[in-house]
Amino acid sequence: MHLNSDRADLPGKLVRIVGRRNLLTDEAHMRPYTQGYRYPGGGASAVALPGTLVELWRCLQAVVEAKGIVIMQAANTGLTGGSTPHVAGYDGRPVVIIGTRRLSGIHLLEGGRQIVALPGATLYDLEALLKPLGREPHSVIGSSCIGASVIGGICNSSGGALLRRGPAYTEYALYARLREDGQLCLVNDLGLELGDDAEEMLGRLESGRFDDGPPAGNIRAASDTDYDRRVRKIDDPSPARYNADPGRLHGASGSAGRVAVFAVRLDTFRRDDRNRTFYVATNDAAVFTGLRRAVLGTFSHLPVSAEYLSRETILMSERYGRDSFFAIKYLGTRRLPRLFALKRGLDRAARWLGTGSEATGDRMLQRLGNLLPSPLPPTLRHYRDRYEHHLVIRVADEGIEEMRAYLEGVEREGETTGWRECTDAEAERAFLLRFVAAGAAIRYASLKDGAVGGLVALDVALPRNCTDWVEQLPDDIGSQLVARATYAHFFCHVFHRDYLVRRGCDVEAVKQRLLDQLAAQGAEYPAEHNVGHHYAAKPELASFYMTLDPCNSFNPGIGKTSRKAGWA
């Protein structure tokens, strides 16, 4: 009776905590939170939007008292459903999504050498804050374009494009976890003296009332300091980085919503003085294999990034990512989430009027994109038409001459390979095209729904010693595909592969065949995304989740684990 009373009163308790405007219970209003960017979601009892860390703590207490399910969510930019409810539902417990976008604070420590980020702080916010200090966050491109949060990157072991920095990682965090006895506790591993009372701690943290010097207690890692050495081991039969790496599962890092993270402490990085970009294209994959092994094995200075695209991916991105490309270029990354909000609004209006489909927003934005010119300048369109494989390499400072000297030994305009040193404008356009690739595949699937029955998006880490990185599909799989896109953080050997499965084919069966083929190759997946509801968690990762959340009340079911209380 007491439990039923707590559950019945849960919406009222949440309203008293966050206010009526910040508690959503209508299905249409909750949809932007219950549905993922690329993965379908399920239902929720409510969406709570706390405005302070204390409100967040009280929301957690209310849901725990009602023996409900907590799903923490920041920007909802995940690609595997890891921050939205499971489409098949749970075991009757109320599901509350707690959105953290209002909690966007960032504190500078040691003059900006480190930072403390609150749950809603975005990579864009952090990049803008650090820029006047001549410093950068772990990731400055890629997911920052769509408003991804700093803490989301830590919780999901996000990788990013920056070769020298590895996956997002820290051993400093402040988080709430539900113990086996059902008690909610606050764990302070931030290295900051904040007191003992939970609400006092959170108030001091949010207002910045703490010593901003070096961490108190034992010195721990606030970034993956070993990655530059790990990625250079080009003859090692294991991947350089992947989501379930046991060495990178620590507290909030890799927690994937199994705890509620209030803050993380992270290193920042000195901004490079000079950057140059080289565009290399080839019809012989062995050329890129040799380049990767030479750079990682012999260069004194690692590049900033090395982004790969297949020609099919370039063509798809040019056509179906054009509106996003120009939105980023001319409106800036900060406004891009508004483009997604516009699309969702168009879809909602079409459903309400009964005049459109789920793809209404995509179709209207695509018509707009069709009016725009090609994103690529003529110089890069030349390479697109001539070569199959494309690599955009950014190098900095002393590494510029090192890369230039190596490429001088490669034909500039050969039958097999060509390259050029990009102007700043060419470099900007090449990188922007790379980062609209994922959205372009989604757009293609949405618009071609008569031909496409589903999208299988895989995020794969190949072994460091792998030289056969161009995927060869058996005819019985290839015949079930309408199209596919391949793009990668190439020197890390992290590949994103999108397969558009022909309508009428078994999408799950195709996905499993692809995963089996990757496993036989020694690959790990996912590489840099949350397992979400898309991948099965490996035993080490599932064990980590159970240790963090023995009651199975925080984001249950991810990694295809149990969705029942107590892991039943």
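Quick note: the sequence shown, position 432, residue 432 per full-length UniProt numbering, numbers continuous. Using N, Cα and C, we set each Cβ at its ideal position, and we do this for glycine too. Computed from a predicted structure; not experimentally measured.
Requested in this report: Would you tell me roughly how many angstroms separate the C-alpha atoms of Gly111 and Leu129, rounded to the nearest one?
Outcome: Indexing the sequence shown from 1 puts residue 111 at position 111. Indexing the sequence shown from 1 puts residue 129 at position 129. The alpha-carbon atoms of Gly111 and Leu129 are separated by roughly 12 Å.
Query raised in the report: DSSP on Val150, reduced to helix/strand/coil?
Result: Looking up residue 150 in the sequence shown gives position 150. Three-state DSSP puts Val150 in a helix.
Report task. Could you name the residues that DSSP lists as bridge partners for Glu508? Result -> As a first step, residue 508 must be located in the sequence shown, where it is residue number 508. DSSP, once it has assigned bridges, lists no residue as partnering Glu508.
Query - Nearest-angstrom Cα separation, counted from Ser45 out to Arg7 - result: In the sequence shown, counting from the first residue as 1, residue 7 sits at position 7. In the sequence shown, counting from the first residue as 1, residue 45 sits at position 45. Each residue's Cα considered, the two are about 10 Å apart.
**Report entry** Given 8 Å, three or more beta-carbon pairs between the segment 292-311 and the segment 151-159
**Finding:** no
Query - Touch test, the segment 406-422 against the segment 265-274, Cβ-Cβ under 8 Å, three pairs minimum - result: no
Query raised in the report: Nearest CA to the CA of Pro50: which residue from Glu171, Ile97 and Leu458?
Result: As a first step, residue 50 must be located in the sequence shown, where it is residue number 50. For the residues Glu171, Ile97 and Leu458, the minimum Cα distance to Pro50 belongs to Ile97.
Report task. Just the C-alpha distance for Glu524 and Ala285, rounded to the nearest angstrom, thanks. Result -> Taking the first residue of the sequence shown as 1, we reach residue 524 at position 524. Taking the first residue of the sequence shown as 1, we reach residue 285 at position 285. Each residue's Cα considered, the two are about 22 Å apart.
Report task. Report yes or no: do three or more beta-carbon pairs, one from the segment 341-350 and one from the segment 414-426, lie closer than 8 Å? Result -> Too few Cβ pairs lie closer than 8 Å, so no.
**Report entry** Integer-rounded CB distance, given that His390 should sit under 8 Å from Gln281
**Finding:** Along the sequence shown, read from residue 1 onward, the residue named residue 281 stands at position 281. Along the sequence shown, read from residue 1 onward, the residue named residue 390 stands at position 390. Gln is not the amino acid found at residue 281; the sequence shown has Ala there. That belief holds up - the Cβ atoms of Ala281 and His390 are roughly 5 Å apart, short of 8 Å.
Query raised in the report: CB-CB under 6 Å to Ile442, same chain, minus the five flanking residues each way: which ones, in chain order?
Result: Locating residue 442 in the sequence shown gives position 442, counting from the first residue. Contacts found: Arg38.
Requested in this report: Please report the Cβ distance between Asn530 and Gly82, rounded to the nearest whole angstrom; I am assuming they are in contact, meaning their Cβ atoms lie under 8 Å.
Outcome: By 1-based counting over the sequence shown, the position of residue 530 is 530. By 1-based counting over the sequence shown, the position of residue 82 is 82. Their Cβ separation, rounded to whole angstroms, is 3 Å, which keeps Asn530 and Gly82 in contact under 8 Å.
**Report entry** Outcome for Asp224 when other beta-carbon atoms lying within 10 angstroms are tallied against a minimum of 16
**Finding:** For the purposes of this step, residue 224 is taken as the residue at position 224 of the sequence shown. Burial call: buried.
Query - beta strand (DSSP E) runs wholly inside the segment 276-336, at least 3 long, in chain order - result: Counting whole runs of 3 or more residues, the segment 276-336 contains the beta strand (DSSP E) stretches 305-310.
Query raised in the report: Can you check whether the CB of Leu458 is closer than 8 Å to the CB of Arg404?
Result: Working through the sequence shown from its first residue, we reach residue 404 at position 404. Working through the sequence shown from its first residue, we reach residue 458 at position 458. Result no, Cβ atoms of Arg404 and Leu458 do not sit closer than 8 Å.
**Report entry** Top-ranked residue by Cα proximity to Lys538, from Asn243, Glu199 and Pro40
**Finding:** Position 538 of the sequence shown, counted from the start, is the residue given in the question as residue 538. Of the listed residues, the one whose Cα sits closest to Lys538 is Asn243.
Query raised in the report: Tell me which same chain residues have a C-beta within less than 8 Å of the C-beta of Gly453, skipping the five on either side of it?
Result: Reading the sequence shown from its first residue, position 453 is the one you call residue 453. For Gly453, where only same-chain residues beyond five positions count, the Cβ hits under 8 Å are Val501, Arg502, Arg503, Gly504, Cys505 and Val507.
Report task. Could you pull out every residue in the same chain whose Cβ sits closer than 7 Å to the Cβ of Val15, ignoring the five residues on either side in sequence? Result -> On the sequence shown, residue 15 is found 15 positions in, with the first residue counted as 1. Cβ within range, chain order: Leu23.
Query raised in the report: Could you check where the beta strand (DSSP E) with Thr34 kicks off and where it finishes?
Result: Locating residue 34 in the sequence shown gives position 34, counting from the first residue. Looking at the DSSP string, Thr34 is not in any beta strand (DSSP E); the run it does join, the alpha helix (DSSP H), is Glu27 to Thr34.
Query raised in the report: How should Asp226 be labelled, buried or exposed, when 16 other C-beta atoms within 10 angstroms of its C-beta is the threshold for buried?
Result: If you number the sequence shown from 1, residue 226 lands on position 226. Asp226 should be labelled exposed.
Query - Segment limits, beta strand (DSSP E) that includes Cys185 - result: Residue numbering aside, residue 185 sits at position 185 when the sequence shown is read from its first letter. Taken as a continuous stretch (DSSP letters only), the beta strand (DSSP E) holding Cys185 covers Leu184 to Asn188.
Query raised in the report: When the Cα atoms are used, what is the spatial distance from Ala430 to Gly332?
Result: As a working note, residue 430 is residue 430 in the sequence shown. As a working note, residue 332 is residue 332 in the sequence shown. Computed Cα separation, rounded: 16 Å.
Query raised in the report: So, is Ala252 buried or exposed, given that buried needs 16 or more other C-beta atoms within 10 angstroms?
Result: Reading the sequence shown from its first residue, position 252 is the one you call residue 252. So Ala252 ends up on the buried side.
Query raised in the report: At a cut of 8 Å, does the segment 199-209 reach the segment 306-323 through at least three beta carbon pairs?
Result: no
Requested in this report: Select from Leu178, His86, Pro167 and Gln114 the residue whose C-alpha is nearest the C-alpha of Gly566.
Outcome: Residue numbering aside, residue 566 sits at position 566 when the sequence shown is read from its first letter. When only C-alpha atoms are compared, the closest one is Leu178.
Query raised in the report: Distance, Cα to Cα, Lys233 vs Pro239?
Result: Taking the first residue of the sequence shown as 1, we reach residue 233 at position 233. Taking the first residue of the sequence shown as 1, we reach residue 239 at position 239. If you take the alpha carbons of Lys233 and Pro239, they lie about 10 Å apart.
**Report entry** Whole-angstrom C-beta distance between Val63 and Leu10, which should lie under 8 Å
**Finding:** To locate residue 10, count along the sequence shown from 1; it is residue 10. To locate residue 63, count along the sequence shown from 1; it is residue 63. Indeed, because the Cβ distance is near 7 Å, the residues count as touching under 8 Å.
Query raised in the report: So, using beta-carbon positions, are His301 and Gly399 closer together than 8 Å?
Result: Position 301 of the sequence shown holds residue 301. Position 399 of the sequence shown holds residue 399. Yes.
Requested in this report: Specify, as a first and last residue, the run of the beta strand (DSSP E) that Phe262 falls within.
Outcome: As a working mapping, residue 262 is identified with position 262 in the sequence shown. Per DSSP, Phe262 belongs to the beta strand (DSSP E) from Ala260 to Asp267.
Report task. Return yes when the Cβ of Ala221 is within less than 8 Å of the Cβ of Thr268, no when it is not. Result -> Along the sequence shown, one-based indexing puts residue 268 at 268. Along the sequence shown, one-based indexing puts residue 221 at 221. No, the Cβ-Cβ distance between Thr268 and Ala221 is not below 8 Å.
Report task. Assuming Asp91 contacts Lys564 (C-beta within less than 8 Å), just tell me the rounded distance between them. Result -> The sequence position of residue 91 within the sequence shown is 91, counting from 1. The sequence position of residue 564 within the sequence shown is 564, counting from 1. Going by Cβ atoms, the distance from Asp91 to Lys564 rounds to 5 Å, so yes, they are a contact pair.
Query raised in the report: With 16 other CB atoms within 10 Å as the buried threshold, where does Pro214 fall?
Result: Stepping through the sequence shown from its first residue, residue 214 is reached at position 214. Classification of Pro214: exposed, given that the 10 Å Cβ count is below 16.
Query raised in the report: Cβ of Leu372 within 8 Å of Cβ of Arg384?
Result: To locate residue 372, count along the sequence shown from 1; it is residue 372. To locate residue 384, count along the sequence shown from 1; it is residue 384. Cβ atoms of Leu372 and Arg384: not closer than 8 Å.
**Report entry** Reference Val392; option with closest CA among Gly414, Arg434, Val494 and Arg367
**Finding:** Along the sequence shown, read from residue 1 onward, the residue named residue 392 stands at position 392. That would be Arg434, whose Cα lies nearest to the Cα of Val392.
Query raised in the report: In chain order, which continuous runs of the beta strand (DSSP E) of length 3 or greater are located wholly inside the segment 77-110?
Result: 95-99 and 106-109
Query raised in the report: Going by DSSP, which residues form a beta bridge with Tyr499?
Result: By 1-based counting over the sequence shown, the position of residue 499 is 499. Its beta-bridge partners are Val456 and Arg484.
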